[in-house]
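Everything in the sequence shown is counted per the numbering used here, starting at 6 for the first residue and increasing by one.
Heads up, the beta-carbon is just placed ideally off N, CA and C, and yes, glycines get one too.
If you're wondering where the values come from, they're calculated on a predicted model, not measured in any experiment.
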Amino acid sequence: MRRRAVRRDASQSQALRPRSTVAKKPLKAARMTTAKPPDQCESMADVRAGVDAVDRDLVALLVRRFAYMDAAARIKTDRGTVRDEARKAEVLDNVARAAEAAGLEPARLRAVWNELVEQSIAYEAVQWDRLRADN
């Protein structure tokens, strides 16, 4: 069964939010591809196949990450603790260090992770409210 794509306003905080809670519906196994390593790509088709394979892996990892946001929403007893600026700073610092160690530009990955953390916080807040509304 295919789902129709829904166009959302960029200001909405649900950009990465799965339609149902992550814990209730596991991802189907990703189809196997034979993407070439970057240094073996000979055409833009090879590059695009590799990028598409990495993107599928990233989606699976994000679904896994958001499952932890479901757990956090379930465990936290005070909605005010959903946003934790100290933890956010720690996550961003960890990413910057890992990026630098891997030879990547820390500021670029920090910007990507900042958005990921903000989307995670927004998702967790929605889940926190949903869990309490059901009671």
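I'd like to check one pair, residue j with residue i: are the Cβ atoms closer than 9 Å?
| i | j | result |
| --- | --- | --- |
| Val-87 | Ala-94 | no |
| Arg-137 | Arg-69 | no |
Among the options, which one has its Cα closest to the Cα of residue i?
| i | options | result |
| --- | --- | --- |
| Val-117 | Pro-43, Val-96, Arg-135 and Met-49 | Val-96 |
| Ala-54 | Val-64, Pro-42 and Leu-63 | Pro-42 |
| Asp-62 | Tyr-73, Ala-40, Asp-51 and Ala-50 | Ala-40 |
Use the C-beta contact count for residue i: other C-beta atoms within 10 angstroms, 16 or more gives buried, fewer gives exposed.
| i | result |
| --- | --- |
| Asp-75 | buried |
| Val-100 | buried |
| Ser-48 | exposed |
| Glu-110 | exposed |
| Ala-127 | buried |
Give the range of the alpha helix (DSSP H) segment to which residue i is assigned.
| i | result |
| --- | --- |
| Gln-45 | Where Gln-45 is concerned, there is no enclosing alpha helix (DSSP H), given that its DSSP letter is neither H nor E. |
| Leu-109 | First-last for Leu-109: undefined, no H or E at that position. |
| Arg-88 | Premise fails: Arg-88 is in no alpha helix (DSSP H) and is neither H nor E. |
Does the ligand ADP have even one heavy atom less than 8 Å from the beta-carbon of residue i?
| i | result |
| --- | --- |
| Asp-44 | Ligands displayed in this structure: none; no statement on the ligand ADP is therefore possible. |
How many angstroms separate the CA atom of residue i from the CA atom of residue j?
| i | j | result |
| --- | --- | --- |
| Trp-133 | Glu-120 | 20 Å |
| Thr-82 | Glu-90 | 18 Å |
| Ala-104 | Asp-98 | 10 Å |
| Asp-44 | Val-59 | 15 Å |
| Arg-135 | Ile-80 | 13 Å |
| Asp-57 | Ala-65 | 13 Å |
| Gly-108 | Arg-102 | 10 Å |
| Glu-123 | Cys-46 | 35 Å |
| Tyr-73 | Leu-114 | 21 Å |
| Glu-129 | Phe-71 | 8 Å |
| Ser-125 | Arg-92 | 12 Å |
| Ala-50 | Leu-67 | 25 Å |
| Val-131 | Ala-106 | 35 Å |
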